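J.: For reference, the structure I am asking about is given below.
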Amino acid sequence: MAYDRNNTFAKILLGTLPKRTVCENEHAIAFYDVNPKSPIHVVLIPKGAYTSAHEFYSIASKEEILGFSAMIAKVISLLDIESSGYRLISNQGLNGGQEVPHFHVHVLAGKDLGPFLVSST
Ligand code: AMP
Numbered sequence: 093m094a095y096d097r098n099n100t101f102a103k104i105l106l107g108t109l110p111k112r113t114v115c116e117n118e119h120a121i122a123f124y125d126v127n128p129k130s131p132i133h134v135v136l137i138p139k140g141a142y143t144s145a146h147e148f149y150s151i152a153s154k155e156e157i158l159g160f161s162a163m164i165a166k167v168i169s170l171l172d173i174e175s176s177g178y179r180l181i182s183n184q185g186l187n188g189g190q191e192v193p194h195f196h197v198h199v200l201a202g203k204d205l206g207p208f209l210v211s212s213t
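The sequence shown begins at 93 in our numbering and counts up one residue at a time.
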């Protein structure tokens, strides 16, 4: 799927939409979700134009992948959620329920998040 340069996170990266930044490095940025699904809800995005995890991990440079991964650890430390626990979620495509077509990982924490998924097989 071609990258949509008008997607919400592309606008955040451009600075045309506001964000509440948690932290940032050369290759990635973490900011608070505007519609939090848990008491702590942060979104991490690579700065490059990647729609999906598959695309990111297939074609991004080692430096981008390392920068993005390092950001996950940094956010967990900054939010002080390592001992209480947290959930990382990355929705992909139609079946994954992805709303914003720029690869991202959600960091959810701050309460017991309950079961991983409600079974509906
Ligand atoms: P997903 O369904 O995984 O694509 O999730 C997209 C997430 O982006 C949702 O949790 C939204 O609440 C969040 N979101 C949408 N617009 C903004 C925004 N302007 N700033 C921060 N988070 C946003």
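Ideal Cβ placement from N, Cα and C applies to all residues, glycine included.
Given the structure is predicted, the values throughout are model-derived calculations rather than measurements.
Hey, E156 and K139: beta-carbon distance below 9 Å or not?
T.: Locating residue 156 in the sequence shown gives position 64, counting from the first residue. Locating residue 139 in the sequence shown gives position 47, counting from the first residue. Their beta carbons are under 9 Å apart, which means E156 touches K139 by this criterion.
J.: In whole angstroms, what is the alpha-carbon distance linking Y149 and V210?
T.: If you number the sequence shown from 1, residue 149 lands on position 57. If you number the sequence shown from 1, residue 210 lands on position 118. Distance between the alpha carbons of Y149 and V210: 28 Å.
J.: Would DSSP call A102 helix, strand or coil?
T.: Translated into the one-based positions of the sequence shown, residue 102 becomes position 10. In this structure, A102 counts as helix in the three-state DSSP scheme.
J.: Check each candidate in H198, L136, D125 and H194 and name the one with the smallest Cα separation from S144.
T.: Taking the sequence shown and counting its residues from 1, one reaches residue 144 at position 52. Closest by alpha carbon: H194.
J.: What does the Cβ neighbour count give for F101, buried or exposed, with the cut at 16 atoms within 10 Å?
T.: Here the question's residue 101 lines up with position 9 in the sequence shown. Under this definition F101 is a buried residue.
J.: Anyone know if the C-beta pair for K129 and I121 falls short of 9 Å?
T.: The sequence position of residue 129 within the sequence shown is 37, counting from 1. The sequence position of residue 121 within the sequence shown is 29, counting from 1. Not in contact: K129 and I121 (Cβ atoms no closer than 9 Å).
J.: Taking the Cβ atom as the reference point for each residue, do V199 and R179 lie within a distance shorter than 9 Å?
T.: What you label residue 199 is simply residue 107 of the sequence shown in a count that begins at 1. What you label residue 179 is simply residue 87 of the sequence shown in a count that begins at 1. Contact flag set, yes.
J.: Return the CA-CA distance between I137 and T113, expressed in angstroms with no decimal places.
T.: The residue you call residue 137 lines up with position 45 of the sequence shown. The residue you call residue 113 lines up with position 21 of the sequence shown. Rounded to the nearest angstrom, the two C-alpha atoms are 11 Å apart.
J.: I'd like the ranges of any beta strand (DSSP E) spanning at least 3 consecutive residues and lying wholly in the region 105 to 140.
T.: Whole beta strand (DSSP E) segments, 3+ residues: 113 to 116, 120 to 124 and 132 to 138.
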